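Heads up, the thing below is written out as structure tokens.
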């Protein structure tokens, strides 16, 4: 497990697994403003800008409740993660506490699955970024903006972790400003009784005067969950910054506790305004409702502005993916779950080799740009697979919390950031995840993804059978067994 230091320094590349100090340390350079905006950026996905039109067309105004319910349950996942991370200063991420509390296998499966989640999402982002750039320069070959994007992200992340923090700070700020502008514009239209070309008047009554709040019935409401859950992937990103935050005991609780406010403002607030201004039947599933509303308001440059916002949102997502996957691979290398070369840091305390490794996989997005029209359908399946894998990571966080409460009650009693609801709430969230999996079986494309996803875990299981035979892993398993026996006997 990597030893952390409070500030930077210089030195040659080192091994993070070296417990004796030396140069192999991640550097704590992320300030409070970085952590807060990274948390906001993780909570606001590109799905809100582009995918909310489809969710509204499927579920009607009830989509507002869909986002509230998902945000409510994921808040408790983040609180469980926060309590666990702050219970041990050596935990760098949720992969670390999963391995410590559930066993080495859990750290292996959680770390590599999280890496896979973000690589898949990053590939989709690279393809999306190329498409957004084509809006302004349709004659430009798609591979050029895709390659430039990957190169820029690599250059931004290689110098220091602070460079990533600054980049993500401004990306998130752009998203916040865009959503704020939408809400203010929509409220003005509602208060002034704005009437559109279709003859419909902006009013809060649009939330219930066309078939009620649940116009598509129970199954329409369920269909909203299938798409909306993908908008929340990345909400756990703040957990991967704990090892590089200047003051995690202060910044991490603040970031996690503000999640409900963000969901209410950025998701619920924006969707209420959109549904109030435009009757839900007039919302196009194939168009960003943000563009549609700004255009309706007579802002002619709306399409270009929102295209820029969505471009930065996708770039922000890819940037977060490169950061989180590189740190996860770095941690896996320190635990013997990845090649040792990925566990070395640059003189600026950045896992440069792990960064290059993750960026290399983003190149798949460049290839997919020329793989044909069917890629659009394939990505519906791929993003659903990503959602399922994120759900697996969230489940491992909760399983780790259950083990923590059972084996280390003294740490829970001493915690200053206890999870509300405790163990009963964990089971409630797990039941909700079971509902989400059932919801994904109700449509053919998401069902296909659900059936394909186990292949990833079969591949991981085969890889772990190889890894677990190494002497280092045998020692880890013995240490874990001895620790569990000792803690069990201490409880009596």
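Residue numbers (our numbering): 64 to 555. No residue lacks a Cβ here, since even glycine has one placed at the ideal position from N, Cα and C. Note that this is a predicted model, so its numbers are computed, not measured.
Count the other CB atoms, across all protein chains shown, that sit within 10 Å of the CB of residue i; report buried if there are 16 or more and exposed otherwise.
i           : result
residue 537 : exposed
residue 282 : exposed
residue 240 : exposed
residue 203 : exposed
residue 479 : exposed
residue 220 : buried
residue 208 : buried
residue 528 : exposed
residue 272 : exposed
residue 534 : exposed
residue 544 : exposed
residue 167 : buried
residue 546 : exposed
residue 319 : buried
residue 198 : exposed
residue 520 : exposed
residue 437 : Residue placement at residue 437 cannot be trusted, given a pLDDT of 46 that sits under 50; what the coordinates show is reported in the next sentence. Answer is exposed; the Cβ neighbour count stays below 16.
residue 551 : exposed
residue 178 : buried
residue 367 : exposed
residue 84  : Caution is warranted here: a pLDDT of 36 is assigned to residue 84, below 50, making its placement in the model unreliable, and the coordinate value is therefore given only provisionally. Residue 84 should be labelled exposed.
residue 504 : exposed
residue 299 : buried
residue 137 : buried
residue 430 : exposed
residue 355 : buried
residue 491 : exposed
residue 425 : buried
residue 286 : buried
residue 392 : buried
residue 539 : buried
Indicate whether residue i and residue j have their beta-carbon atoms separated by less than 8 Å.
i           : j           : result
residue 290 : residue 184 : no
residue 125 : residue 284 : yes
residue 195 : residue 451 : no
residue 461 : residue 333 : no
residue 230 : residue 456 : no
residue 270 : residue 277 : no
residue 360 : residue 458 : no
residue 173 : residue 191 : no
residue 187 : residue 205 : no
residue 352 : residue 507 : no
residue 499 : residue 288 : yes
residue 128 : residue 466 : no
residue 182 : residue 463 : no
residue 279 : residue 502 : no
residue 471 : residue 156 : no
residue 453 : residue 346 : no
residue 158 : residue 170 : yes
residue 408 : residue 401 : no
residue 267 : residue 145 : no
residue 147 : residue 311 : no
residue 497 : residue 447 : no
residue 386 : residue 227 : yes
residue 301 : residue 130 : no
residue 132 : residue 292 : no
residue 336 : residue 237 : no
residue 16  : residue 348 : In the structure as shown, the chain begins at 64 and stops at 555. Residue 16 is therefore absent and cannot be evaluated.
Between which two residues does the alpha helix (DSSP H) holding residue i run?
i           : result
residue 158 : 157-165
residue 272 : Counting along the chain, residue 272 falls outside any alpha helix (DSSP H), and DSSP gives it neither H nor E.
residue 146 : 126-150
residue 526 : 517-530
residue 489 : 485-503
residue 288 : 280-291
residue 472 : 472-477
residue 407 : Element bounds for residue 407: n/a, residue is neither H nor E.
residue 202 : Element bounds for residue 202: n/a, residue is neither H nor E.
residue 553 : 534-554
residue 318 : 311-320
residue 116 : 115-122
Could one say the Cβ of residue i lies closer than 8 Å to chain C's Cβ atoms, at least one of them?
i           : result
residue 468 : Although the question refers to chain C, the structure presented lacks it and comprises just one protein chain.
Quiz item: So, do the region 250-267 and the region 322-329 have three or more beta carbon pairs nearer to each other than 8 Å?
Solution: no
Quiz item: At a cut of 8 Å, does the region 381-391 reach the region 207-225 through at least three beta carbon pairs?
Solution: yes
Self-check item: the region 128-147 touching the region 410-427, judged by at least three CB pairs closer than 8 Å
Solution: no
Self-check item: Segments of 4+ residues assigned as alpha helix (DSSP H) that fall wholly inside the region 330-396
Solution: 333-340, 352-359
Quiz item: Does the region 339-348 come within contact of the region 258-271, defined as at least 3 CB pairs closer than 8 Å?
Solution: The answer is yes - the region 258-271 touches the region 339-348, with three or more Cβ pairs under 8 Å.
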